[in-house]
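Trainee: Chains as they are written, first to last, in the working numbering: chain A, 289 to 492; chain B, 147 to 277; chain C, 4 to 207.
No residue lacks a Cβ here, since even glycine has one placed at the ideal position from N, Cα and C.
Okay, here's the thing in structure tokens:
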């Protein structure tokens, strides 16, 4: 009996290590080779067991506050409150006059409403595990907080070559969520719904 | 046939409301002592370059809104598309005076480093309604 | 010679005279719950993460129970009944190919090996899943331990988890082939046997 079990365990470990090796070859190539330019219409065919079977539900709760949507969604994508912990939103609301290079001051009533909405729905208050993940590892540094600097964001975007975002005229920066995450305003960021302009569907 | 007439009337109403709002704003600036206003002055001020406070780059209205304001613009930092500024393309543009003042305040401060004077605002309004 | 076969239908809880109970209720419940949970986990993957994770926890729990049951349960559920030496397994497989394999009431040697393989594969898949949940999604009981791993490691774990899940699927398919083959070769319905627990009695 023991022999059989050991053989099977070794077999599984062997296959698992193949998975690890496949992954490590990605580490060396990831910046350059892996993702090639293709036309938008080329819907990359995945293998038999790849790709999404189901439509996703929201990873973070979509924006429900009108004031936030119109005041904060004017210059940039209206980032959902669940994308940062409460303490980070506080720091941003305290420094609207110097808002990442812009002046975003609001009148007092609007500011209070927005601050309340953000704190109520912040990452550390959420019941959704992906929203909560945005609050992990955040530290109160000196610089203004950035969603793109959160630990979770960096994990999720680790494999993306910079040239398809920063070097891509239609995207520009990682802060421009809905350029690639076509369902971002529904709070759905699942990788199966990612279509990068000029490159097509994200092939994991 | 009836549908076409309905659309035409709706379009006329919207357009006249848009120009009506513009007229109200102009009146406000005139009461503050500014005027006469010219769309040419507004147009040239639109593309004038200003040094940023850090001195690193120059900015103008066209940096985000483009030089042809019948076309959509793009936020220079975030890449977010911005609806055209021309009234002909966007009749609701000037309908909310509070909103107009808010964006003037924010954007003049960012671009010029100061608030815009009533004269400058009036010229900009004329420019937007002329396109 | 005249053979009389007795069929007693009056008491539905008593098997027919020529049927014998092989699979006990716990075993059957375990089997179908496991199959259902794996199906849910495979299909939801990270599109419905909460459901996927719940199915994963259920799978791990079910396997823990089954391992214990294999030591204290009735005869045909015990590890000692069906986990054989590798040589015996290969001999049996050869016999299957030659269509002269002996019929077993409990698991035959190949089936027994498949039980072990599937459970170990599911265990490894589940544990790597827990690791990914902690390292990549920064959630779950492993988050404090694995949340600080580098992005590269988090991604490697994700790939390993995926490879193992696909390995499990492959084993499931082989399992189905095996069940079909055995059913054909011994002229019995092994699927209904796993539902009712009853098999035709006979010489082992």
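Listing by chain order, which chain B residues have their CB less than 8 Å from the CB of residue 464 of chain A?
Mentor: 224, 225, 226
Trainee: Which residues, in chain order, does the region 347-367 of chain A contribute to contact with chain B at a C-beta distance below 7 Å?
Mentor: 363, 364, 365
Trainee: Cα separation between residue 205 of chain C and residue 108 of chain C?
Mentor: One C-alpha to the other measures close to 8 Å.
Trainee: Would a check of beta-carbon distances place residue 201 of chain C closer than 8 Å to chain A?
Mentor: no
Trainee: Do you know offhand how far residue 479 of chain A's Cα is from residue 39 of chain C's?
Mentor: Going from the Cα of residue 479 of chain A to the Cα of residue 39 of chain C covers about 25 Å.
Trainee: Give a yes or no on whether 8 Å exceeds the smallest Cβ distance from residue 475 of chain A to chain C.
Mentor: It does not; no Cβ of chain C falls within 8 Å.
Trainee: Report yes or no: do three or more beta-carbon pairs, one from the region 408-416 of chain A and one from the region 371-378 of chain A, lie closer than 8 Å?
Mentor: Verdict: yes, contact present.
Trainee: Touching or not, the region 121-130 of chain C and the region 167-187 of chain C, by the rule of three or more beta carbon pairs under 8 Å?
Mentor: A contact between stretches requires three or more CB pairs, one per stretch, nearer than 8 Å, and the region 121-130 of chain C meets this requirement with the region 167-187 of chain C.
Trainee: Taking the beta carbon of residue 202 of chain B as the centre, do at least 16 other beta carbons fall within 10 Å, making it buried, or is it exposed?
Mentor: exposed
Trainee: For residue 219 of chain B, name the three-state secondary structure that DSSP assigns.
Mentor: DSSP places residue 219 of chain B in strand when its eight states are reduced to three.
Trainee: Would you call the region 255-272 of chain B in contact with the region 181-193 of chain B, where contact means no fewer than 3 C-beta pairs closer than 8 Å?
Mentor: Taking a contact to require three or more Cβ pairs closer than 8 Å, the region 255-272 of chain B and the region 181-193 of chain B qualify as touching.
Trainee: Can you list the residues of chain A that residue 94 of chain C reaches, using a CB-CB cut of under 8 Å?
Mentor: Result: empty, since nearest Cβ-Cβ is about 13 Å, beyond 8 Å.
Trainee: Considering only the alpha carbon of each residue, which of B:255, B:248, B:174, B:165 lies closest to residue 265 of chain B?
Mentor: B:174
Trainee: Per the contact definition of three or more C-beta pairs closer than 8 Å, is the region 375-386 of chain A in contact with the region 163-171 of chain B?
Mentor: No: the two stretches stay apart, fewer than three of their Cβ pairs being nearer than 8 Å.
Trainee: Distance, Cα to Cα, residue 177 of chain B vs residue 364 of chain A?
Mentor: 35 Å
Trainee: Pick helix, strand or coil for residue 394 of chain A, following the three-state DSSP scheme.
Mentor: Here residue 394 of chain A sits in coil by DSSP.
Trainee: Looking at residue 208 of chain B: is its Cβ nearer than 8 Å to the Cβ of residue 222 of chain B?
Mentor: no
Trainee: Would you verify that the beta carbon of residue 424 of chain A is, or is not, closer than 8 Å to some beta carbon of chain B?
Mentor: no
Trainee: Is the CB of residue 483 of chain A under 8 Å away from at least one CB in chain C?
Mentor: Taking Cβ atoms only, chain C never reaches closer than 8 Å to residue 483 of chain A, which makes this a no.
Trainee: For residue 466 of chain A, which residues in the same chain have their Cβ closer than 8 Å to its Cβ, ignoring the five residues on either side in sequence?
Mentor: Excluding its 5 nearest sequence neighbours in each direction, residue 466 of chain A has C-beta neighbours in its own chain below 8 Å: 365, 472, 473, listed in chain order.
Trainee: Are the Cβ atoms of residue 89 of chain C and residue 291 of chain A separated by less than 8 Å?
Mentor: yes
Trainee: Whole-angstrom Cβ separation of residue 121 of chain C and residue 174 of chain C, contact assumed at under 8 Å?
Mentor: 5 Å
Trainee: Restricting to Cα atoms, I'd like to know which of B:227, B:191, B:240, B:215 is closest to residue 258 of chain B.
Mentor: B:191
Trainee: Residue 82 of chain C versus chain A: which residues are under 8 Å apart at the beta carbon?
Mentor: 289
Trainee: For residue 57 of chain C and residue 139 of chain C, I'd like the C-alpha separation in whole angstroms.
Mentor: CA-CA distance, residue 57 of chain C to residue 139 of chain C, rounds to 17 Å.
Trainee: On a CA-only basis, which of A:488, A:460, A:489 is nearest residue 226 of chain B? Give me that one, please.
Mentor: A:460
Trainee: Quick one, which residues of the region 236-262 of chain B are near chain A if we go by CB-CB under 7 Å, in chain order?
Mentor: Here the close residues are 252, 255, 256.
Trainee: Any idea what DSSP makes of residue 213 of chain B, helix, strand or coil?
Mentor: coil
Trainee: Does DSSP classify residue 488 of chain A as helix, strand or coil?
Mentor: strand
Trainee: So, residue 201 of chain C versus residue 67 of chain C, is the Cβ gap smaller than 8 Å?
Mentor: Between residue 201 of chain C and residue 67 of chain C, the C-beta spacing is not below 8 Å.
Trainee: According to the Cβ coordinates, are residue 438 of chain A and residue 462 of chain A closer than 8 Å?
Mentor: no
Trainee: Under 8 Å between the Cβ atoms of residue 440 of chain A and residue 141 of chain C?
Mentor: Between residue 440 of chain A and residue 141 of chain C, the C-beta gap is smaller than 8 Å, which places the two residues in contact.
Trainee: Of all the options C:160, C:60, C:105, C:42, which has the alpha carbon lying nearest to the alpha carbon of residue 189 of chain C?
Mentor: C:105
Trainee: Once the 5 residues before and after residue 241 of chain B are set aside, which same chain residues still bring their CB inside 8 Å of it?
Mentor: 163, 164, 167
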